[in-house]
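Residue numbers (the numbering used here): 41 to 274.
Structure representation (structure tokens):
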């Protein structure tokens with residue numbers, strides 16, 4: 041007797057995107073967090089029909105332990121964090137039927153700073169850097185998901201965190217007086233970091249970013265902070 045084999049199962053299609061919570065759950069499983077989302081318009085630098093742009097950053101605590109266990113950090117190749125971000129966020133985009141965008145890989149570069157402000161979750165701080173509602177001055181975007189559906193989004197905060205920040209310690213936290221209300225003197229910052237006096241910032245990260253009270257919820261472990269500082273100094 042001949043038994044007809046069952047037809048092969050079709051390849052899995054994109055996951056449905058019913059709401060932002062579903063996107064956040066998928067991102068969290070990869071060590072990422074939704075840092076904001078908005079409904080883009082014609083002037084936001086996105087091609088095609090995009091109903092919602094979702095910005096993703098490191099999920100803390102625990103991001104560094106998770107990401108450094110990935111193959112990109114073991115193969116000896118360049119830019120392991122960027123390569124990890126591209127692989128993971130592109131995978132999320134494919135799963136959700138969308139497209140991935142990244143703050144690296146240019147020029148041209150995607151306008152992540154403008155997107156951050158458009159999300160209503162990040163603002164210009166008293167020292168010029170963007171400050172995020174939960175990550176503070178330790179804000180870092182690893183990528184974004186451009187999704188077709190226009191998802192329902194929660195209302196943004198009524199005011200930036202700096203409005204109620206007592207003393208605004210970021211204003212006077214820079215030991216090199218290179219970053220403050222008057223702007224950012226990049227050469228002075230780099231020179232300070234390269235000197236013995238800059239050892240603390242090189243080991244624990246930028247003192248200004250750490251001074252922000254909102255940064256405490258996204259504090260970086262020492263190895264993570266030092267890795268970023270070494271890349272900045274070159």
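We put the CB at the ideal spot given by N, CA and C, even for glycine.
Since this is a predicted model, take the numbers as computed values, not measurements.
So for residue i, helix, strand or coil by DSSP?
{"i": "residue 112", "result": "helix"}
{"i": "residue 255", "result": "helix"}
{"i": "residue 147", "result": "coil"}
{"i": "residue 219", "result": "strand"}
{"i": "residue 152", "result": "helix"}
{"i": "residue 142", "result": "coil"}
{"i": "residue 238", "result": "helix"}
{"i": "residue 175", "result": "coil"}
{"i": "residue 77", "result": "strand"}
At which residues does the alpha helix (DSSP H) containing residue i begin and terminate?
{"i": "residue 268", "result": "262-273"}
{"i": "residue 128", "result": "120-135"}
{"i": "residue 66", "result": "60-68"}
{"i": "residue 233", "result": "226-233"}
{"i": "residue 107", "result": "103-107"}
Where do the N-terminal and C-terminal ends of the beta strand (DSSP E) with residue i fall, by residue?
{"i": "residue 37", "result": "Outside the modelled stretch of the chain, which goes from 41 to 274, sits residue 37, for which no answer is possible."}
{"i": "residue 164", "result": "162-164"}
{"i": "residue 186", "result": "183-187"}
Count the other CB atoms within 10 Å of the CB of residue i; is the residue buried (16 or more) or exposed (fewer)?
{"i": "residue 262", "result": "exposed"}
{"i": "residue 105", "result": "exposed"}
{"i": "residue 190", "result": "exposed"}
{"i": "residue 264", "result": "buried"}
{"i": "residue 273", "result": "exposed"}
{"i": "residue 77", "result": "buried"}
{"i": "residue 227", "result": "exposed"}
{"i": "residue 217", "result": "exposed"}
{"i": "residue 89", "result": "exposed"}
{"i": "residue 98", "result": "buried"}
{"i": "residue 182", "result": "buried"}
{"i": "residue 118", "result": "exposed"}
What distance in whole Å lies between the Cβ atoms of residue j and residue i, which are believed to be in contact at a cut-off of 8 Å?
{"i": "residue 156", "j": "residue 95", "result": "6 Å"}
{"i": "residue 188", "j": "residue 137", "result": "7 Å"}
{"i": "residue 158", "j": "residue 170", "result": "Not really, about 12 Å apart at Cβ, beyond 8 Å."}
{"i": "residue 160", "j": "residue 196", "result": "3 Å"}
{"i": "residue 172", "j": "residue 75", "result": "6 Å"}
{"i": "residue 242", "j": "residue 266", "result": "7 Å"}
message: Would you call the region 169-182 in contact with the region 247-264, where contact means no fewer than 3 C-beta pairs closer than 8 Å?
response: yes
message: Can you confirm whether the region 159-167 touches the region 203-216 when touching is taken to mean that 3 or more C-beta pairs between the two stretches lie within less than 8 Å?
response: Short answer: they touch.
- prompt: Quick check: the region 211-221 against the region 113-125, are there 3 or more CB pairs under 8 Å?
  reply: Below 8 Å, too few C-beta pairs join the region 211-221 and the region 113-125 to call them touching: fewer than three.
- request: Indicate whether the contact test is met: 3 or more Cβ pairs, each with one atom in the region 97-114 and one in the region 78-87, closer than 8 Å.
  value: no
task: Evaluate the contact criterion for the region 144-161 versus the region 58-72: three or more CB pairs, one atom per stretch, below 8 Å.
output: no
query: For the 8 Å Cβ check, are there 3 or more pairs between the region 233-241 and the region 145-159?
result: no
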